[in-house]
Amino acid sequence: MIAREGNKHKVKDWSGKNEKWVKKTIFFTRPCHSLLLVEARENPSREEVNVKMLPFLYFRSAWQENGGLFLTAPEIAASAPAPIFKGRVCNVSQSMQDRDGKIWMDGQFVEWRDARVHILTHTLHYGFGVFEGIRCYQTDTGSAVFRLTEHIDRLFGSAHILNIKIPFSREEIIHACLEVLRQNGMKAGYLRPLVFLGAESMGINPKPCKVRVAVACWEWGAYLGEEGMENGIRIKTSSYTRHHPNVTMTRAKAVGNYSNSILAKTEALTAGFDEALLLDTEGYVAEGSGENVFILRKGVLKTPPLDSALEGITRDAVMVLAREMGHTVVEQRFPRDEMLIAEEAFFTGTAAEVTPIRELDNRQIGIGRSGPVTKAIQKRFFDVVHGRDPAHKAWLTQVY
Ligand SMILES: Cc1ncc(COP(=O)(O)O)c(C=O)c1O
1202 MIAREGNKHK
1212 VKDWSGKNEK
1222 WVKKTIFFTR
1232 PCHSLLLVEA
1242 RENPSREEVN
1252 VKMLPFLYFR
1262 SAWQENGGLF
1272 LTAPEIAASA
1282 PAPIFKGRVC
1292 NVSQSMQDRD
1302 GKIWMDGQFV
1312 EWRDARVHIL
1322 THTLHYGFGV
1332 FEGIRCYQTD
1342 TGSAVFRLTE
1352 HIDRLFGSAH
1362 ILNIKIPFSR
1372 EEIIHACLEV
1382 LRQNGMKAGY
1392 LRPLVFLGAE
1402 SMGINPKPCK
1412 VRVAVACWEW
1422 GAYLGEEGME
1432 NGIRIKTSSY
1442 TRHHPNVTMT
1452 RAKAVGNYSN
1462 SILAKTEALT
1472 AGFDEALLLD
1482 TEGYVAEGSG
1492 ENVFILRKGV
1502 LKTPPLDSAL
1512 EGITRDAVMV
1522 LAREMGHTVV
1532 EQRFPRDEML
1542 IAEEAFFTGT
1552 AAEVTPIREL
1562 DNRQIGIGRS
1572 GPVTKAIQKR
1582 FFDVVHGRDP
1592 AHKAWLTQVY
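All residue numbers for the sequence shown refer to this note's numbering, where the first residue is 1202 and numbers rise by one.
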């Protein structure tokens, strides 16, 4: 539906009724239904991308994010040409509910757009449920999921802590994870198993509610941005304290625990930072809003003990890999001032992978970009997840 003539493009809105030639407009598409529309100079940097809303186009949804204008317009994107943009553009994003594909729900695959729940779903009201975040990577010998068994074990552990009985076996959920990737033809991406309570009853007592399980997958690039992954991110100490283990049980990856993360994350973003650093109830560094944290101080790698931080699977992998690389790694409390004078710092997490931290509270950490130890650990981590390290093939579960 998009014709091109020089630097002009003829576009139709998604209803197909309105048509217009658009000058100097860059169309950048990815599979599925997203279209990123930006006006830009030749080869702009990320900051230079000048976004301009084109009011004559009607899209199903449009929003601005990270300096990009994101439009959901299935019909256009489906027939849009290959990317013609030469410079760097911000990430393409798309609505989570309006996609083609399948989602596994309660033992069956349903169409993506039909994977709905009732408004009186218990978890929607009280935030009582558990979930996982898992990544699948492309390797030289096909696609593989990183530490799938450990993630599913944590899912069952989280449910057990909250006294939720998952009505499927571990093997069934593992199978659902692999199958959802296959059904969606996904070679690399993110898996999201979710255990939630149904709409059978309202009120704090969850007992009458059915335990429901869903597994979805989607493409997800660098969670804290490609640039952050390369050069490091800027973080801010949060005004929100991390959970006390006797308030919400922090070994559980529980849905409700994330109100605390969301408050911290949005506070940091509003203040112009990339991520939040949360301190525990005694004022020591705990973790990020969705990441564990490491510092390199006097040559020793330190990560906070698991008093109030999630027992991260990436954290564990990084500790193993760093020790194999000859580093001393300790689980030890440290205050944020120690982080300010650390040689290096980085976050770990399934979404964040290994993301360098270059600044805390407007003070440079170390050399102010990704340090040599962080870089080496990050490289080793990516070698492992992409199956290039024979020593840790056991961490990978083949999908195709
Ligand atoms: C609060 C929090 N801490 C740490 C992590 C890192 O854990 P993992 O490496 O298992 O993804 C996550 C992500 O799951 C998280 O949400």
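Note that beta-carbon positions come from the ideal geometry of N, C-alpha and C, so glycine has one too.
Proximity test, residue i beta-carbon vs ligand 1 heavy atom, cut-off 6 Å
i, result
"residue 1551", "yes"
"residue 1491", "yes"
"residue 1513", "yes"
"residue 1334", "yes"
"residue 1476", "no"
"residue 1544", "no"
"residue 1488", "yes"
Endpoints, the beta strand (DSSP E) within which residue i is located
i, result
"residue 1557", "1554-1561"
"residue 1581", "From DSSP, residue 1581 is part of no beta strand (DSSP E) but of the alpha helix (DSSP H) over 1573-1586."
"residue 1496", "1493-1498"
"residue 1543", "Here residue 1543 belongs to no beta strand (DSSP E), and DSSP marks it neither H nor E."
"residue 1336", "1335-1340"
"residue 1304", "1303-1306"
"residue 1503", "1501-1504"
"residue 1569", "Careful: residue 1569 lies outside any beta strand (DSSP E) and carries neither H nor E."
"residue 1533", "Note, residue 1533: premise wrong, no beta strand (DSSP E); not H, not E."
"residue 1551", "Counting along the chain, residue 1551 falls outside any beta strand (DSSP E), and DSSP gives it neither H nor E."
"residue 1599", "1597-1599"
"residue 1309", "1309-1312"
"residue 1331", "1330-1332"
Beta-carbon separation (whole angstroms), residue i vs residue j, contact threshold 8 Å
i, j, result
"residue 1582", "residue 1477", "22 Å between Cβ atoms; not a contact."
"residue 1494", "residue 1347", "Between residue 1347 and residue 1494 the Cβ distance is about 20 Å, and since that is not below 8 Å, they are no contact."
"residue 1398", "residue 1323", "4 Å"
"residue 1453", "residue 1359", "4 Å"
"residue 1497", "residue 1487", "The Cβ separation is near 18 Å, so there is no contact."
"residue 1443", "residue 1475", "Going by Cβ atoms, the distance from residue 1443 to residue 1475 rounds to 18 Å, so no, they are not a contact pair."
"residue 1374", "residue 1412", "Wrong, their Cβ atoms sit about 12 Å apart, outside the cutoff."
"residue 1378", "residue 1320", "The Cβ separation is near 28 Å, so there is no contact."
"residue 1160", "residue 1514", "No answer is possible for residue 1160: the residues shown for the chain start at 1202 and end at 1601."
"residue 1456", "residue 1548", "Not really, about 21 Å apart at Cβ, beyond 8 Å."
"residue 1431", "residue 1571", "7 Å"
"residue 1537", "residue 1438", "6 Å"
"residue 1337", "residue 1403", "About 37 Å; that fails the 8 Å criterion."
"residue 1588", "residue 1341", "6 Å"
"residue 1567", "residue 1543", "7 Å"
"residue 1533", "residue 1499", "Between residue 1499 and residue 1533 the Cβ distance is about 12 Å, and since that is not below 8 Å, they are no contact."
"residue 1527", "residue 1491", "Wrong, their Cβ atoms sit about 29 Å apart, outside the cutoff."
Residue span of the alpha helix (DSSP H) that contains residue i, given as start and end
i, result
"residue 1514", "1514-1525"
"residue 1327", "1323-1327"
"residue 1358", "1349-1362"
Going along the chain, which unbroken runs of the beta strand (DSSP E) with 3 or more residues stay wholly within the region 1380-1459? 1390-1398, 1412-1419, 1434-1438
Would you list, in sequence order, the uninterrupted beta strand (DSSP E) runs of no fewer than 3 residues that lie entirely inside the region 1467-1493? 1476-1480, 1486-1489
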